[in-house]
Amino acid sequence: MGELKERIRENGIDYILVGDYYIPDLKLPEENRPIGYFARLHRD
């Protein structure tokens, strides 16, 4: 078997090579929701 590429793009999704498997390279969007008063108290 030939050399595997580190990154591929298939069906509009990027995949990254991890070992012998290609895993989807998913990125979550930043969460910019404001938190309320009681959530701030609970966070500490």
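FYI, in this note's numbering the residues of the sequence shown are 38 to 81.
All residues carry an ideal CB built from backbone N, CA and C; glycine is no exception.
Can you give me the C-alpha to C-alpha distance between residue i and residue j, rounded to a whole angstrom?
| i | j | result |
| --- | --- | --- |
| TYR58 | LEU78 | 44 Å |
| ILE50 | PRO66 | 16 Å |
| ILE60 | GLU43 | 11 Å |
| ILE45 | LEU63 | 13 Å |
| ILE53 | GLU47 | 11 Å |
Name the DSSP bridge partner or partners of residue i?
| i | result |
| --- | --- |
| TYR74 | Answer is none; TYR74 lacks a bridge partner. |
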